[in-house]
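For reference, the structure discussed in these notes is given below.
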Ligand SMILES: Nc1ncnc2c1ncn2[C@@H]1O[C@H](COP(=O)(O)OP(=O)(O)O)[C@@H](O)[C@H]1O
Ligand SMILES: [Mg+2]
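Next comes the structure, spelled out in structure tokens:
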């Protein structure tokens, strides 16, 4: 694990985070480099004869021409091994807590700290034995990293051979040799609890699998109307203040992934602090343990160097792939991918590349595609199953979705949660538009839902979506001639939609009960509202009036059921349903 | 020159003559290796030094921007001295009660600043693990802020205004009335003016004077007739003092920056001269990062007593909230107070638009033990009802008020009450949070109880029924 530091050239020109280097003799693309005597961390991103361009991940103030540039002899990589879970890293995987011990409240430059704690010992339990033939991706043993996460120690993807030696069960640091591998060419290779992987390279898998299980988020508008599959890709675009971060955080808290990688890319410092203070206190509903025990945070806030913002996305996705390779379901939240794209734009501009739309480089779509391609449900090298789901926020300038980042992202994702400014202004949260959003996963996962909650779910969902679309047409009429012009049957449709929006779609992230709904609660709530709609229209057909329907006492129960019924005890919903049926029976009895 | 020389030996070296002057930029060739963002002195023929910093450095030439402008400089007659270090300013608590230019040099006739503490004006990124999440409610005495867009100590909350709207009055009122109830900590105001007129600076000075706090205020003025480039450094200087006061002197600091639109225009000017590829409306692609570097300097820090609350003011060109300046600001700040010209026209002060305004930090600073138990739901209900008012008004404008349902008439009534009694108040009127919340319930009573979906039965019992 020794890096071969050597001088590879000298600074020629400094333009913000972009530095031109001259006198290059040997250097490789994407090599990790250090600049100047402060050893600022950078990455080599362009090679041309004896000159090169590097992007520096720290503030370059004071760097001058002729300053030395050192090469590390390896590509910019992340360290993968026990100790990642529960940690907060910056965009190039430096642990921020450790940095704070060294440099207090501000992040000083040139700090070099290992990503994984070198001194900490982990209890390793081997699951193979000496003499076994092992291959890349195979599990050598396990380490219980947190109560929630059993960290599987894998043979690095490209290695393969016979285990010449293997340590016995015991406590080891990430740098202790745990195994020696005799490879095909009879070379020896030592293995550790940790391995490195270059961030810009996708980790290999055996094959892609179908995505037919939803990622359950506990957010009703998502799970019921626009579900995402495990391994899927989602884009959440929205102007400022429409709820991108809140949605991402709600998912990070409540979705049923095994590992959460939350990337704060060019956003607010306080939002990261919020996660850091809140998550340890929140209990994972599935494991009963602190949410932090399955979460890794990557924070490259808006005031940190722009170039590290560009790298943070890759740092995060590489960690996600590593846990996927252990057979876990990983969810990656990237807030916001627009800041990443803007970092690309800024670096590209400083390198004087030809811009395409709105100053973004022509390779923007390729980069976006490459990133989302790293999601998926996979058969791992060790024939296990794991997935990486990517949920990327997009911050369109002026909230206008026709801009390049939203448009290009849309081409490569299959689930679109469009945040609507008008809904957000009306404090209808989550402000996910039911008209503009879509999910291409519905067909793949509907049978899973039916198995879990019963056949009627799909019919209920279809019915409510039809009503929501019908409402749009009816509203157009109302806007021209007023509501009185509509017959009661049609005004009742408006009524049902209002109820559905208030009682079901709106979900208050700050309310203890409402913040998360199980699929059973969601299905039941949906069914109650659809029943109200079906039986109500029937009653109106038989002559009941709209006023009567609205004044039903059970209406208020339905309107507030999301706050009053706990996930753990849904019997209250059965009671509401029974009361609803009874009230409708009574109403109809008046009109036979 | 083939190897790195000791930079400190070469710093202080002076070059006579520059190669090119364009706008606020000077180009010098054949220098020693000059550090990126290094401070320079540019000395004109009369021997007056002007400060600048290096924007780009290479083996062939150096580009520097001169804060005091380049007017009157000549190619052969200009001398450049490189300092070998970034722009630092000398800081002390004695700066309170004084007036400075954008570079921190006194302009009130008083003595020059003397202090052992020299700080880099660019500041440094705060480690997010060192931050303390802000939660303390600041009572501004203004109902629409306290009740619906609560200001929290350590928050960055801009005012999105337009030309001729009373943003200065509101900022001054906030500065006068802001208090944390039940505490009595030392506070300071740091005020930075960029490209605004003299009378606006005077207005603030008078207002601070009248409330007797002037000795707790430091002013940094880079006014409309000062070189536009100086505006780029002004907020940095101001924030450097604010950081010192907050995190070395344990003070609670309110920073007012006005007008950030002028700051952004200066940034665009420099970017255009340098021939950079623009993003929207000619503004540079790094406008977001540049603003974030400023705004993220606010907040609270674990283990430190002080705080920086940031109140930037900006005028939206053409009242357009999607213009890059307000848009990028909104993406960085923790909410926004948005002014509406139409409300101002109807004589409502403060003309704060109910719906687009937002305080992102209010959630943790309100409710039981902080303001009052009913606050969160009351605020949410007011927002929801007011947003329906807007729909009803639109409908009424098409089909006529007579055609509206009785319920919709209730909403129109609510809208009127809300704007005239809850939002509207006098420029020196200070309402306690209890008064604000009670007023909120009063206006809600124009609506039937079935409409209050966001309020619990207990709250209805306790507050609505009274
Ligand atoms: N599900 C929700 N429940 C309650 N409040 C919400 C919800 N979503 C958004 N909000 C409100 O909207 C504000 C802005 O949301 P945020 O996610 O920070 O927006 P964005 O990231 O799009 O700028 C939050 O501070 C909060 O007040
Ligand atoms: Mg956000």
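Chains as they are written, first to last, in my numbering: chain A, 153 to 744; chain B, 19 to 484.
Glycine is no exception: its CB is placed at the ideal position from the N, C-alpha and C atoms.
- Item | C-beta atoms of residue 109 of chain B and residue 75 of chain B nearer than 7 Å | no
- Would you be able to state if there are at least three C-beta pairs under 8 Å between the segment 441 to 459 of chain B and the segment 155 to 162 of chain B? yes
- Closest by C-alpha distance to residue 541 of chain A, when choosing among A:300, A:409 and A:175: Out of A:300, A:409 and A:175, the CA that lies nearest to the CA of residue 541 of chain A is found in A:409.
- Could you tell me which residues DSSP pairs with residue 296 of chain B in its beta bridges? B:302
- Report the option in B:450, B:479 and B:466 whose CA atom is closest to the CA atom of residue 199 of chain B. B:450
- Task: Could you pull the start and end residues of the alpha helix (DSSP H) that residue 349 of chain A belongs to?
- Result: No alpha helix (DSSP H) contains residue 349 of chain A, which is instead part of the beta strand (DSSP E) from 347 to 350.
- Task: Report buried or exposed for residue 741 of chain A, applying the criterion of at least 16 other Cβ atoms within 10 angstroms of its Cβ.
- Result: exposed
- Task: Grab me the residues of residue 752 of chain A's own chain with a C-beta within less than 6 Å of its C-beta, minus the 5 sequence neighbours each way, in chain order.
- Result: Residue 752 of chain A is absent from the model: chain A starts at 153 and stops at 744.
- Roughly how many whole angstroms lie between the Cα atoms of residue 20 of chain B and residue 218 of chain A? Its pLDDT being 37, under 50, residue 20 of chain B is placed unreliably by the model, and the measurement read from it follows with that caveat. Their Cα atoms are separated by approximately 7 Å.
- Just tell me which of B:191, B:377 and B:152 has its CA closest to the CA of residue 395 of chain A. B:377
- Could you give the distance in angstroms between the alpha-carbon of residue 296 of chain A and the alpha-carbon of residue 461 of chain B? Distance between the alpha carbons of residue 296 of chain A and residue 461 of chain B is about 58 Å.
- Task: Return the residue from the list A:178, A:164, A:199 and A:177 that minimises the CA-CA distance to residue 188 of chain A.
- Result: A:164
- Query: Would a check of beta-carbon distances place residue 558 of chain A closer than 7 Å to chain B?
  - Reply: No, because no Cβ of chain B sits closer than 7 Å to the Cβ of residue 558 of chain A.
- Task: Return helix, strand or coil for residue 179 of chain B, following the three-state DSSP convention.
- Result: In this structure, residue 179 of chain B counts as strand in the three-state DSSP scheme.
- Message: Rounded to whole angstroms, what is the Cα-Cα separation between residue 301 of chain B and residue 471 of chain B?
- Response: In a straight line, the C-alpha of residue 301 of chain B is about 44 Å away from that of residue 471 of chain B.
- Query: Apart from the five residues just before and just after residue 366 of chain B, which ones in its own chain have a Cβ nearer than 8 Å to its Cβ?
  - Reply: 437, 438, 441 and 442
- For chain B, find out if any of its Cβ atoms is closer than 7 Å to the Cβ of residue 458 of chain A; answer yes or no. yes
- Query: In chain B, which residues lie less than 8 Å from residue 420 of chain A when you measure between Cβ atoms?
  - Reply: 314, 350 and 352
- Item | Beta-carbon proximity check, residue 133 of chain A vs residue 656 of chain A, cutoff 7 Å | No answer is possible for residue 133 of chain A: the residues shown for chain A start at 153 and end at 744.
- Item | residue 369 of chain B to residue 434 of chain B span [Cα, whole Å] | Spanning the two alpha carbons is a distance of roughly 14 Å.
- Message: Taking only three categories from DSSP, how would you classify residue 166 of chain B?
- Response: helix
- Query: Can residue 221 of chain A and residue 169 of chain A be called in contact, C-beta distance under 7 Å?
  - Reply: no
- Could you tell me the distance, in whole angstroms, from the CA atom of residue 420 of chain B to the CA atom of residue 409 of chain B? 16 Å
- Message: If you follow the beta strand (DSSP E) that residue 544 of chain A is in, where does it begin and where does it stop?
- Response: 537 to 546
- Query: Is there at least one Cβ from chain A nearer than 7 Å to residue 22 of chain B's Cβ?
  - Reply: Annotation note: pLDDT 41 at residue 22 of chain B (below 50); position unreliable, coordinate value reported separately. Taking Cβ atoms only, chain A reaches closer than 7 Å to residue 22 of chain B, which makes this a yes.
- Taking Cβ-Cβ distances shorter than 8 Å, what residues in chain B pair up with residue 190 of chain A? Within 8 Å Cβ-Cβ: nothing; residue 190 of chain A doesn't reach chain B, min ~11 Å.
- Query: Any chance the CB of residue 189 of chain B is under 6 Å from a heavy atom of ligand 1?
  - Reply: no
- Query: If contact means a Cβ-Cβ distance below 8 Å, which residues of the segment 28 to 59 of chain B contact chain A?
  - Reply: 51, 52, 53, 54, 55 and 56
- residue 578 of chain A: contacting residues in chain B (beta-carbon distance under 8 Å): 373, 401, 402, 405 and 406
- Select from A:381, A:492, A:347 and A:306 the residue whose C-alpha is nearest the C-alpha of residue 597 of chain A. A:381
- Please work out which residues of its chain come closer than 7 Å, Cβ to Cβ, to residue 154 of chain B, disregarding the five sequence neighbours upstream and downstream, and give them in chain order. 170, 171, 198 and 383
- Task: Check distances from the C-beta atoms of the segment 265 to 290 of chain B to those of chain A and list, in chain order, the residues that come in under 9 Å.
- Result: 265
- Task: List the whole-angstrom C-beta distance separating residue 379 of chain A from residue 707 of chain A, where the pair is believed to meet the contact cut-off of C-beta under 8 Å.
- Result: Contact between residue 379 of chain A and residue 707 of chain A is absent: CB atoms are separated by about 28 Å, not below the 8 Å threshold.
- Message: Restricting to Cα atoms, I'd like to know which of B:50, B:222 and B:345 is closest to residue 209 of chain B.
- Response: B:222
- Task: Pick helix, strand or coil for residue 528 of chain A, following the three-state DSSP scheme.
- Result: DSSP places residue 528 of chain A in strand when its eight states are reduced to three.
- Task: Please list the residues of the segment 204 to 236 of chain A that have a C-beta atom closer than 9 Å to any C-beta atom in chain B, keeping them in chain order.
- Result: Listed by position, the residues of the segment 204 to 236 of chain A near chain B (Cβ gap below 9 Å) are 211, 212, 213, 214, 215, 216, 217, 218, 219 and 220.
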